[in-house]
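Protein sequence lines correspond, in order, to chains B and R. Going by the working numbering, the residue at position 185 of the first sequence is 185; the numbering climbs one at a time, nothing skipped. Position in the second sequence counted from 1, then plus 1000, gives you the working numbering. Even glycine gets a Cβ: it sits at the ideal position worked out from N, Cα and C. Everything numeric in this text was worked out from a predicted model, so none of it was measured.
There are 2 protein chains.
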Amino acid sequence: MRWVRFESKGKAVFGIVEGENIIEVSGNPFEKYIKTDNHFNLSEVELLPPVTPTTIYCAGQNYLDHIEKSAKRKGLDPIIPQKPDFNYRAVNSLVGHGANIVIPKDAGEPIHFEAELVAVIGKKAKHVPTGEAASHIFGYTIGNDISARNWQKTDRTHWRAKNTDTFKPMGPWIETDVNLDKMKTIVRVNEKVLMEHQTCKFLFDAATCISFMTRYVTLFPGDVIWMGSEGESSNMKVGDIIEIEITGIGVLRNTLIAGK
Amino acid sequence: MRWVRFESKGKAVFGIVEGENIIEVSGNPFEKYIKTDNHFNLSEVELLPPVTPTTIYCAGQNYLDHIEKSAKRKGLDPIIPQKPDFNYRAVNSLVGHGANIVIPKDAGEPIHFEAELVAVIGKKAKHVPTGEAASHIFGYTIGNDISARNWQKTDRTHWRAKNTDTFKPMGPWIETDVNLDKMKTIVRVNEKVLMEHQTCKFLFDAATCISFMTRYVTLFPGDVIWMGSEGESSNMKVGDIIEIEITGIGVLRNTLIAGK
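In C-alpha cells form, the structure reads like this:
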C-alpha cells in the first residue's frame, strides 16, 4: 500500500495511492482511518512529506564503502562502528517530492545529496526485542540528506549544514510492501546517473537499530529512521534537478533554487 | 503570566497559574484560548513539560566560564565561539517538573545536571531582524540537560548521553514576565547548593540566537531554545533530588531513579 500526505482544502491529509489516483482518507494510517469520497489525480496535488515525525533519526555511518571512502579522503584509517549511533535532523527542514531545495546565498560549496532509505515507525515502541522490531516498521520512504559541506566544516554542529529549511526532501510516499533484498538506489542529477547501488547493504538494518534504540528512547508512530548513505556524493548547483530512485518505492525529485 | 501544561481527563491541556491555583484553558497560549470553569490546586495535578516543541534547540557553548573550565579540564586552550551553533535534543526525552529521571543500568558514571534557561518561541519566525527578535519570545522556563558523560565519551553522537527518555526535565511552567538582568540560577542536589550564578551572562542572548537562526531555519510556536549551562557540573546518584531554581521563574525538581 502507498500512503501520501497532501493538502486538501487547506488542511494536511493522508491519502492512499492506487495507480495514478489518490483516495483521501479521514484519520491517519497509524491509528484508524476511513476512505472518503475525495479522489484526486497524483499530478494535481502538491505532495507533503509523508509524515511529520516527532523525531528524525539518522543512522549515519551505516555503509562500509561510504566509511572507507570518507576515511581515505581524509587520509585516515576507516573506523568501522560496532553499534549504530544516531544523529538528529529537524522537522523545519522537511519538504515533499517536487518541492524546491532553497540554497541560501552564503552556503558556499559544495552542496551534496545523500540518498537514503527511510524506515517509518508504525507503533509506539520501547524495549523491543530484535525479533519483534521489524513489526514496528510501518513502511519505507526515500530521503535526501542535503548537506552544505562548507558549513559542515566550519560550524561546531550540523544545524545549518543539514537542517536549513528545505534541506531534507522526503517522499514521495510511504510504501508498505517492499522487498528489501531486491532494492536498488539510483541517483540522477539532471537525468544523468551519478550513483547506483544495492540499497540494503547496511551495517545495521532497521530492526537492529529499533531494538538497540528502544533500550533508551521511545519511538512514536510517524518517527523516521534515515538509514545512511552509500559511496561518495558530488557537488550540485542552483538549477539542478536531483532525483533519488529506490526501486520498489519510487522517485523523489527536487530542484535546487537560489535563496536569500 | 504563568502557563502550565497538565493532564485533565486524560488529555494534555494548558492552564494559567494564579498563586496556588490553575485555571484550565481551552486552546493554547500561542493562538487563542478561553478560560474554562475547571480549576485545580497546583499540588493536585501532575505537570507535563510546558510545551511539546517541534524542535528543541540548544545554544551549547554560551557561557565564557563554562568554556574556559571545560578547556582547562581537557588541557586545551579555550575556543571562544564567534557565533552561536545549535545542537538538537529529542522530544522523547522531555519530562515535567516532579517526574523521575530514569537512569538505565548501563549508563555508567558520571551522570551530570546542566541548569539552563529556556526561551519559548511564541510566533512563527523566519528572517527576523535582531531588533524584532525579542518579540518572538513568548516566555521562559527551566531545563535540566541531564548528561551521561560516559556515553558522551564513547558514542559517536549524543543520542543516548543526552536524549534517553526522561533525560530532559523542563518546567515547571512558562513565565512570560521576567527581568533577565536580575535572574540567578541556583542548583541544589538533596537541598545542598552546588552552584549559583547570574543566569543571563550569555555570549549570545536569545534575541541574537533567534535572529541568526532564522536566516536559515523557521521557528514555530512552542519551539524552545535551551540557552546553555554555566560552570562545572558534578556527579549525581540514583535517589538524588535535583533542583534547579531560576529566580523569577521557579523551581524545577526531579528525582533520579534506577531503570532497566
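Please give the ranges of any alpha helix (DSSP H) in the region 1174-1240 of chain R, keeping only runs that are unbroken, at least 4 residues long and fully inside the region. 1206-1213
DSSP beta-bridge partners for W3/B? Within the first sequence, the letter at position 3 stands for residue 3/B. In DSSP, W3/B forms a bridge with I16/B and I174/B.
Taking only beta-carbon positions, decide if K260/B is within less than 8 angstroms of chain R. As a working mapping, residue 260/B is identified with position 260 in the first sequence. Output row for K260/B: interface = yes.
Proximity to V118/B [Cα-Cα], best of S211/B, G27/B, W173/B and R5/B: The count along the first sequence starts at 1 and reaches residue 118/B at position 118. That would be W173/B, whose Cα lies nearest to the Cα of V118/B.
Where does H112/B land, buried or exposed, given buried means 16+ other C-beta within 10 angstroms? On the first sequence, position 112 is the one that residue 112/B refers to. The residue in question, H112/B, is buried, as its Cβ has 16 or more Cβ neighbours within 10 Å.
Helix, strand or coil for G1131/R per DSSP? Residue numbering aside, residue 1131/R sits at position 131 when the second sequence is read from its first letter. Correct three-state label for G1131/R: helix.
Examine chain B for any beta-carbon lying closer than 8 angstroms to the beta-carbon of P1029/R, and answer yes or no. To locate residue 1029/R, count along the second sequence from 1; it is residue 29. No, no contact with chain B.
Could you give the C-beta distance for F6/B and V45/B, rounded to a whole number, given that I count them as a contact under 8 angstroms? Counting from 1 along the first sequence, the entry for residue 6/B is found at position 6. Counting from 1 along the first sequence, the entry for residue 45/B is found at position 45. The pair is a contact, with the Cβ atoms about 4 angstroms apart (cut-off 8 angstroms).
To the nearest whole angstrom, what separates the beta carbons of K124/B and F220/B, a pair I think is in contact under 8 angstroms? Position 124 of the first sequence, counted from the first residue, corresponds to residue 124/B. Position 220 of the first sequence, counted from the first residue, corresponds to residue 220/B. Right, their Cβ atoms sit about 6 angstroms apart.
List the residues that DSSP assigns as beta-bridge partners of L1117/R. To locate residue 1117/R, count along the second sequence from 1; it is residue 117. BP columns for L1117/R point to I1142/R.
Quick check on K1123/R: does DSSP put it in helix, strand or coil? Walking along the second sequence from the start, residue 1123/R turns up at place 123. It is coil, neither helix nor strand.
Cβ-based neighbour list, R253/B, same chain, cut-off 7 angstroms, excluding 5 preceding and 5 following: Along the first sequence, read from residue 1 onward, the residue named residue 253/B stands at position 253. These residues qualify, in order along the chain: H97, G98, I241 and E243.
Using a beta-carbon distance below 8 angstroms, is P1104/R in contact with chain B? Start at 1 with the first residue of the second sequence, and residue 1104/R comes out as number 104. Judged by the 8 angstroms Cβ criterion, P1104/R is in contact with chain B.
For H39/B, the three-state DSSP class (helix, strand or coil): Here the question's residue 39/B lines up with position 39 in the first sequence. Three-state DSSP puts H39/B in a strand.
With 16 other Cβ atoms within 10 Å as the buried cut-off, status of M1227/R: Translated into the one-based positions of the second sequence, residue 1227/R becomes position 227. Counting Cβ neighbours within 10 Å, M1227/R comes out buried, since at least 16 surround it.
Strictly under 8 angstroms for the Cβ-Cβ distance: is H1136/R near chain B by that measure? For the purposes of this step, residue 1136/R is taken as residue 136 along the second sequence, with counting starting at 1. It does not: the Cβ of H1136/R has no partner Cβ on chain B nearer than 8 angstroms.
By the three-class DSSP mapping on this structure, what secondary structure does K1168/R have? Here the question's residue 1168/R lines up with position 168 in the second sequence. In this structure, K1168/R counts as strand in the three-state DSSP scheme.
Contact check, V102/B vs D165/B, beta carbons under 8 angstroms: The count along the first sequence starts at 1 and reaches residue 102/B at position 102. The count along the first sequence starts at 1 and reaches residue 165/B at position 165. Yes.
Interface positions of the region 39-57 of chain B facing chain R (Cβ-Cβ less than 7 angstroms), listed along the chain: T54 and T55
Against chain B, which members of the region 1146-1174 of chain R pass a CB distance test of less than 7 angstroms? D1155, R1156, T1157, W1159, R1160, N1163, T1164 and D1165
CB contact check: V1004/R to chain D, cutoff 8 angstroms: No chain D appears in the structure shown, which is made up of the protein chains B and R.
In angstroms, rounded to a whole number, what distance separates the CA positions of I210/B and V1178/R? Reading the first sequence from its first residue, position 210 is the one you call residue 210/B. Reading the second sequence from its first residue, position 178 is the one you call residue 1178/R. Rounded to the nearest angstrom, the two C-alpha atoms are 42 angstroms apart.
If we ignore side chains and look at the alpha-carbon of each, how far apart do K1126/R and P110/B end up? Locating residue 1126/R in the second sequence gives position 126, counting from the first residue. Locating residue 110/B in the first sequence gives position 110, counting from the first residue. Roughly 24 angstroms between the two C-alpha positions.
Taking E232/B as the reference, which of E20/B, N150/B, F14/B and H66/B has the closest Cα? By one-based count along the first sequence, residue 232/B stands at place 232. It is H66/B whose Cα lies nearest to the Cα of E232/B.
Determine the contact status of K201/B and Y63/B, defining contact as a CB-CB distance below 8 angstroms. The residue labelled residue 201/B in the question sits at position 201 within the first sequence. The residue labelled residue 63/B in the question sits at position 63 within the first sequence. Taking 8 angstroms as the Cβ cut-off, K201/B and Y63/B qualify as a contacting pair.
Buried or exposed: where does L1230/R fall if 16 or more other Cβ atoms within 10 Å of its Cβ makes it buried? Here the question's residue 1230/R lines up with position 230 in the second sequence. At residue 1230/R the sequence reads Glu, which differs from the Leu that was named. That one is buried.
Anyone know if the C-beta pair for I142/B and F167/B falls short of 8 angstroms? Reading the first sequence from its first residue, position 142 is the one you call residue 142/B. Reading the first sequence from its first residue, position 167 is the one you call residue 167/B. Not in contact: I142/B and F167/B (Cβ atoms no closer than 8 angstroms).
Short of 8 angstroms Cβ to Cβ, which residues in the region 1220-1249 of chain R face chain B? F1220
Provide the residue span of the beta strand (DSSP E) that contains E24/B, from first to last. Residue 24/B sits at position 24 when you count from the first residue of the first sequence. First-last of the beta strand (DSSP E) with E24/B: N21 to G27.
Cross-strand partners of N92/B (DSSP beta bridge): Working through the first sequence from its first residue, we reach residue 92/B at position 92. None; N92/B has no bridge partner.
Residues that N92/B contacts on chain R, provided the C-beta gap is smaller than 8 angstroms: Numbered from 1 along the first sequence, position 92 holds the residue referred to as residue 92/B. Neighbours of N92/B on chain R, chain order: T1054, T1055, V1217, T1218, L1219 and F1220.
With 8 angstroms set as the bound, which would you pick, yes or no: does the beta-carbon of N1254/R sit closer than that to a beta-carbon of chain B? Locating residue 1254/R in the second sequence gives position 254, counting from the first residue. Not closer than 8 angstroms to any Cβ of chain B, the Cβ of N1254/R fails to qualify, so no.
Environment of K1083/R [buried if 16+ CB atoms lie within 10 Å]: Start at 1 with the first residue of the second sequence, and residue 1083/R comes out as number 83. Its Cβ having fewer than 16 others within 10 Å, K1083/R is exposed.
Between the CA atoms of S8/B and A1148/R - distance to the nearest angstrom: Sequence index remark: in the second sequence, residue 1148/R carries index 148 (1-based). Sequence index remark: in the first sequence, residue 8/B carries index 8 (1-based). About 45 angstroms.
Classify P129/B as buried or exposed, calling it buried when 16 or more other Cβ atoms lie within 10 Å of its own Cβ. Position 129 of the first sequence, counted from the start, is the residue given in the question as residue 129/B. Classification of P129/B: exposed, given that the 10 Å Cβ count is below 16.
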